[in-house]
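Please read the structure below before turning to the comments.
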Amino acid sequence: MSEPILRTEALTKRFDGVVATDDVSISVPRGELRCIIGPNGAGKSTLFALLCGIQRPDAGRVLLKGEDVTRLLAFQRVRRGIGLTFQTNRAFHRLSVRQNLSAVLQISRADRPADADERYRFALDRFGLDAESEMPAKELPHHRLQWLEIAMVLAAGPDIVLLDEPTAGMSIDETLQTGAVLKHLNASGLTIVVVEHDVAFVRDVAQRITVVHQGRVFAEGTVDEITEHADVRRIYLGQA
Amino acid sequence: MPRLLSLLSGPEDVGRSRWFWAAFVAVCIVLFVSPLWQSEFEATNNAYYLLNVPTALGLALLWGYCGILSFGQVAYFGIAGYVYGIVAGNMVGDSAGPIVGSLCGLAVCAIVSAIFGYFVFYGRVQNWIVPILTLVLSLLLETFLGQTAGYQWRVGTVQLGGYNGMTGIPAFQIGSYVITGYSFFYFVLIIVLVIYLALRLLVNSRHGKVMLAIREDAIRTELLGYDIRARQLVVFVIAAILAGVSGLLYVQWGNYITPSQVGLLQASLPVIWVAVGGRESLLAVLLSTCALNWLNYTLSSEGYQYALIIIGALLVVVMLFFPSGIVVTLAREVPKHGWRALLGWGDGAGK
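The listed protein sequences correspond, in order, to chains F and E. Everything in the first sequence is counted per this note's numbering, starting at 2 for the first residue and increasing by one. Everything in the second sequence is counted per this note's numbering, starting at 15 for the first residue and increasing by one.
This is the structure we're talking about:
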């Protein structure tokens with residue numbers, strides 16, 4: 002079995018004594034579309050922050066394509082092929098769509114995916130974004146702003162993208178459209194890890210699900226396994 | 015060449031149309047022939063209005079384009095001025111003195127700003143801490159220079175002079191030709207134009223777009239693959255060197271410099287020049303810096319005691335009614351809505 006593209010070993014992060022991420026060890030194989038679910042405050046966003054280097058762990062390691070990147074800064078990890086969108090949209094709202102997309106570093110590295118540009122153009126096309134538009138990003142409808150941030154991340158040519166609640170605030174149609182684009186990108190070889198609350202969306206896109214609870218990995222499995230998991234159903238899916 | 019022209023007229027500064035460039039060339043021509051009807055005294059005064067422009071453009075780059083407010087640009091102004099005074103003053107009689115002094119002044123600015131900036135940006139100091147730190151550097155420099163009155167505070171043959179300042183600083187010269195009067199006006203004008211056009215190229219370049227991204231959201235920009243610390247440091251050093259250029263021109267213009275040039279009052283002026291015109295436009299900053307220096311100089315020279323109070327009041331009014339700056343607001347809103355709507359006359363039917 003090949004080396005997982007992303008792996009953590011006993012990752013732990015505390016804030017003023019509160020354990021946000023507690024001994025988390027996960028492994029994401031190359032080409033997988035993984036969803037991470039869990040209630041608010043479970044530590045999902047902190048886990049993403051640790052994976053992309055915004056936060057430093059108190060203990061544990063992060064391995065990207067087999068390389069220990071725990072000590073690397075965020076931009077160094079991005080240059081090694083990781084991309085992230087935030088829970089709260091952080092496209093550059095005051096800048097135009099053109100400025101947003103042209104601000105992305107076209108990372109030149111030996112292992113940049115051959116079809117990175119194709120994925121980016123596909124996303125622009127399917128999201129209906131004009132890369133030359135002078136419209137300020139803040140004037141875009143909410144869902145297009147979310148899509149713009151995803152397109153910005155894809156422009157950098159990542160091997161793996163971490164999307165923190167990409168469909169938050171979207172209508173059902175917009176959510177379906179987002180899911181369709183993500184599934185296509187994943188089918189082309191892009192590894193995707195998504196934090197989501199929308200169970201229908203998760204069922205639609207996920208190949209495997211990790212359930213996080215109180216900072217720890219509570220359960221992990223295929224969609225069917227998690228759906229049938231009694232404790233997960235009781236606690237997270239609202240079923241008796 | 016076409017790429018250079020396209021960059022020069024790129025979207026990151028106001029003034030891109032052919033009409034703008036025609037007007038720009040016309041104004042340049044008028045400025046170049048203005049000594050025909052101006053006395054040497056007037057030309058020297060005009061040079062004074064222009065010599066602060068590099069400081070202001072540097073601050074516009076740093077604050078308006080990269081989101082880093084500095085209250086300490088005058089520190090680099092002073093460092094360049096004093097270093098030039100010391101080096102050129104010790105080389106009096108040597109025609110290379112002013113050139114060597116200028117290069118040393120700029121080099122020390124670059125080194126000090128690089129060391130200071132390294133600790134600030136690589137230490138991840140952000141937001142409102144940065145302007146405070148930069149101001150502290152300026153005030154420290156003022157305090158230090160203020161106590162250099164004794165005879166022991168001399169470097170070679172040059173006295174630092176304490177609060178009386180350093181006097182008798184040599185004018186700039188190339189070979190045996192001393193640049194003063196009309197020629198100094200041309201000297202400053204050419205430097206200002208070259209810096210303005212070079213910065214227009216910079217802000218419209220790929221690096222300029224990254225600066226805008228850092229201004230908007232530094233963390234997001236880092237997560238697009240950029241080492242924002244290095245980028246911020248480079249812009250910080252460029253802005254310091256530009257402030258140093260102003261410092262050099264100032265001492266070459268007036269042949270003296272005092273610690274008050276790096277004091278609190280002077281530290282606040284570049285922020286006012288930049289804010290009044292509009293910090294997100296180089297052209298706006300160029301215009302407002304010339305206009306406010308003219309206003310300040312004219313009011314002061316006519317015995318008006320309250321020149322700086324008027325300048326300060328202008329800042330308050332501009333911040334209240336034109337938070338993006340006067341020139342930037344006019345450049346953005348007039349083409350969209352017309353003058354009448356902007357002034358609150360009529361219903362803006364001009365659009």
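Every residue gets a Cβ at the ideal spot worked out from N, C-alpha and C, and that includes glycine.
CA-to-CA distance, residue j to residue i, given in whole angstroms
i, j, result
"D44 of chain F", "D232 of chain F", "Looking at the sequence provided, one finds Gly at residue 44 of chain F rather than Asp. Each residue's alpha carbon lies about 19 Å from the other."
"V192 of chain E", "F198 of chain E", "9 Å"
"T86 of chain F", "H198 of chain F", "16 Å"
"M333 of chain E", "T179 of chain F", "42 Å"
"P58 of chain F", "R72 of chain F", "9 Å"
"A253 of chain E", "L76 of chain E", "6 Å"
"E347 of chain E", "V28 of chain E", "12 Å"
"A61 of chain E", "V122 of chain E", "25 Å"
"A75 of chain F", "R138 of chain E", "13 Å"
"E221 of chain F", "D23 of chain F", "16 Å"
"A207 of chain F", "V200 of chain F", "10 Å"
"Q56 of chain F", "E236 of chain E", "13 Å"
"A241 of chain F", "R234 of chain F", "At A241 of chain F the pLDDT is 44, less than 50, meaning the model places this residue with poor confidence; the figure from the coordinates comes in the next sentence. Approximately 7 Å between the Cα atoms of the pair."
"F38 of chain E", "S23 of chain E", "12 Å"
"N269 of chain E", "I125 of chain E", "24 Å"
"G54 of chain F", "R229 of chain E", "20 Å"
"G82 of chain F", "G95 of chain E", "47 Å"
"G18 of chain F", "L12 of chain F", "16 Å"
Opening and closing residue of the beta strand (DSSP E) in which residue i lies
i, result
"E135 of chain F", "Note, E135 of chain F: premise wrong, no beta strand (DSSP E); not H, not E."
"L163 of chain F", "161-165"
"V25 of chain F", "19-25"
"T13 of chain F", "7-16"
"V194 of chain F", "192-196"
"T176 of chain F", "First-last for T176 of chain F: 173-188, but that is the alpha helix (DSSP H), not the beta strand (DSSP E)."
"I324 of chain E", "No beta strand (DSSP E) holds I324 of chain E; the alpha helix (DSSP H) holding it covers 321-335."
Beta-carbon gap between residue i and residue j smaller than 8 Å
i, j, result
"A104 of chain F", "K223 of chain E", "yes"
"S260 of chain E", "P68 of chain E", "yes"
"A117 of chain F", "I151 of chain F", "no"
"A92 of chain F", "L149 of chain F", "yes"
"V288 of chain E", "L73 of chain E", "yes"
"I6 of chain F", "T192 of chain F", "yes"
"G179 of chain E", "T272 of chain E", "yes"
"A90 of chain E", "G258 of chain E", "The question names Ala, but residue 90 of chain E is Tyr in the sequence shown. Going by C-beta atoms, Y90 of chain E is nearer than 8 Å to G258 of chain E."
"I255 of chain E", "L120 of chain E", "yes"
"F130 of chain E", "L151 of chain E", "yes"
Residues sharing a beta bridge with residue i, DSSP
i, result
"M180 of chain E", "E:I271"
"E221 of chain F", "F:T211"
"S28 of chain F", "F:R8"
"A60 of chain F", "F:T13"
"D69 of chain F", "F:L64"
"S97 of chain F", "F:P137"
Three-state secondary structure assigned by DSSP to residue i
i, result
"S219 of chain E", "coil"
"Q10 of chain E", "A query on residue 10 of chain E cannot be resolved here, the shown segment of chain E reaching from 15 to 365 and no further."
"Y240 of chain E", "coil"
"A363 of chain E", "Low confidence applies here, because A363 of chain E scores a pLDDT of 41, under 50, leaving its location unreliable; read the following figure in that light. Note: A363 of chain E maps to coil in three-state DSSP."
"S385 of chain E", "Given that chain E is displayed from residue 15 to residue 365, the structure contains no residue 385 of chain E and the question cannot be resolved."
"Q173 of chain E", "strand"
"R214 of chain E", "helix"
"R168 of chain E", "strand"
"R91 of chain F", "coil"
"A241 of chain F", "Low confidence applies here, because A241 of chain F scores a pLDDT of 44, under 50, leaving its location unreliable and the question unanswered by this model."
"E226 of chain F", "helix"
"G261 of chain E", "helix"
"L74 of chain F", "coil"
Opening and closing residue of the alpha helix (DSSP H) in which residue i lies
i, result
"C123 of chain E", "111-136"
"T69 of chain E", "67-73"
"C36 of chain F", "Unbroken run through C36 of chain F is the beta strand (DSSP E), 34-38; no alpha helix (DSSP H)."
"R234 of chain F", "231-236"
"L297 of chain F", "In the structure as shown, chain F starts at 2 and stops at 241, and residue 297 of chain F therefore has no counterpart that could be examined."
"T86 of chain F", "Careful: T86 of chain F lies outside any alpha helix (DSSP H), inside the beta strand (DSSP E) at 83-86."
"W148 of chain F", "143-156"
"A115 of chain F", "Counting along the chain, A115 of chain F falls outside any alpha helix (DSSP H), and DSSP gives it neither H nor E."
"I82 of chain E", "Taken as a continuous stretch (DSSP letters only), I82 of chain E belongs to no alpha helix (DSSP H), as it is neither H nor E."
"G160 of chain E", "143-160"
"A298 of chain E", "296-315"
"R32 of chain E", "32-47"
Proximity test, residue i beta-carbon vs the ligand NAD heavy atom, cut-off 7 Å
i, result
"V285 of chain E", "Among the components modelled here there is no ligand, and therefore nothing to report on the ligand NAD."
Residue-level contact to chain C via CB, residue i, 8 Å cutoff
i, result
"R122 of chain F", "Included in the structure are the protein chains F and E, with no chain C among them."
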